[in-house]
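Structure first, then comments.
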Amino acid sequence: MQELVLVQPGQSIDGAPTRELERSGTHAEFEARLAEGGPLAFRIAQGVLRNAADAEDVAQEALLKAFRSFHRLREPQKFRGWLVRIAFRMALDRSRSAKRREQRETDWSMPERRPVPPTAEDLAASSEFQARLERAVQELPEKLRLVLLLSALQGYTLEEVSSMLGIPTGTVKSRLFFARKQLAEKLR
Amino acid sequence: MNCQNARDQITDALAAESMELTGELTGHVQSCAGCATFYAQQTELFCAMDSGLSAMANEPVPLSLLPKVRARMEEGVPRRGWVFSRFTAAAALAAVLVVVIFTPRVEKKPQKEMPVAAIPTPSKDESEAHQHGEIAAAAAALPGTPKVIHVKASRTGDAKGIAAAPEVIVLVEERQAFARFVAELPKEREVALALTRPAPAPEDAPIEIALVQIESLELRPLEGTPRE
């Protein structure tokens, strides 16, 4: 004889709420990806914003946004690319914010807030070059910039970048080529 | 191979991260001092660029990032849900439109047509409600009474009994008399009609005042007053 169990809506057979189970499962799954996703989101944001505090803010928001929508992600292997796009888009939005830009310019124009120049000439030269490089990267088109930043990340091959962005490896290579060429022209 | 072509090829090769130049290009660089210098400069530039990009892209991650994210995950992230917000806004707009379109428009009667000021009277006990009922019944019994009396349900009274009754202000001690008066109204049809008709609007025509003409005036001393 079969035993029938009356299951209330929102409850599993053993009585635990299904939503809670799903939520805790999602939470654990997301937590497992956080160790890799956190630094990735921060570095992408930092590559765009060039400001650690802003980048941390954006990375945090991007991760929480990803967490909120994590249960809707059908293909978990695409999580990194998804997170990268969220972080990049949010960082671009933040960067475009007129107020922030204005504040940054104001800060930069104030002599006491400028970074202290290093004593050694080579360090000074390197710092100057780094500033030029950062400006040149900011001027690159978005698609090229993202590929350039991801390719420069330690531990990611071009194949991984292509799978992150969901584009062929050949496209990644060509974008990287044009990005480097444009960058060299700007720095020449 | 000319120098400009060679320099373009050098740049392309370095941008493509290919370490080795083609045979023809290698030959030109070895034979042309200017292109050799250009190659050396470009190699140095790309090296610096790569190290700069690597430094940019691999900055140390703040230690506070993950604990902050975890804390916010634990406390339950408030859903900002732009999709939901838009849906809510659209639904609210649709509801407002439906209400605006399908609500019948109530035409307000001009104030001149309101013969009786309808102010609801609070009734606190059953006897008052009963009196209201009497008034209502008497008023309803009026034959051919034009329905121009403004009717309003009492805020506190029995809605069923009073809903159709005209409301007037009546002193407490005059209520019974008023009820009898209303009951008598059907017998005095003209009075009833006169009471329920709107009062004629006051005319603002100028009033003519004729001069008083006194033809003859006789002055007499008052009785009992001493003569001067």
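Keeping their order, the protein sequence lines are chains A and B. Heads up: the first sequence runs through residues 1 to 188, numbered per this note's numbering. Heads up: the second sequence runs through residues 1001 to 1228, numbered per this note's numbering. Here a beta-carbon is modelled for each residue, glycine too, at the ideal position from N, C-alpha and C. These figures come from a predicted structure and were not determined experimentally.
Query	Result
Based on Cα-Cα distance, which residue from 38/A, 59/A, 187/A and 81/A lies nearest to residue 132/A?	187/A
Shorter than 9 Å from the beta carbon of residue 1061/B to some beta carbon of chain A?	yes
Taking DSSP as the reference, what is the three-state secondary structure of residue 95/A?	helix
Rounded to whole angstroms, how far is the Cβ of residue 172/A from the Cβ of residue 158/A, which I believe are closer than 8 Å?	5 Å
I need the straight-line Cα distance from residue 84/A to residue 40/A, nearest angstrom please.	7 Å
Restricting to Cα atoms, I'd like to know which of 97/A, 144/A, 61/A and 32/A is closest to residue 77/A.	32/A
In whole angstroms, give me the CA-to-CA distance for residue 1065/B and residue 70/A.	19 Å
Roughly how many angstroms lie between the CA atoms of residue 141/A and residue 147/A, to the nearest whole one?	10 Å
Does residue 1039/B come out as helix, strand or coil in the three-state DSSP assignment?	helix
In or out: residue 1159/B buried (at least 16 other Cβ within 10 Å) or exposed?	Confidence in residue 1159/B is poor, its pLDDT being 47 and thus under 50, which makes the residue's placement too unreliable to answer from.
Since residue 1018/B meets chain A, which of its residues come closer than 8 Å, beta carbon to beta carbon?	Neighbours of residue 1018/B on chain A: none; closest Cβ ~10 Å, over 8 Å.
According to the Cβ coordinates, are residue 180/A and residue 1014/B closer than 9 Å?	yes
I want to see whether chain A comes within less than 9 Å of residue 1005/B, judged by CB atoms only; does it?	no
Who are the neighbours of residue 1002/B on chain A, taking C-beta pairs under 9 Å?	By Cβ distance, chain A contributes nothing, its closest Cβ being about 19 Å from residue 1002/B, past 9 Å.
Hey, does residue 1161/B have any beta-carbon neighbour from chain A nearer than 9 Å?	The predicted position of residue 1161/B is uncertain, since its pLDDT is 46 and thus under 50; a value taken from the coordinates is nonetheless stated next. No - not a single Cβ of chain A is within 9 Å of the one on residue 1161/B.
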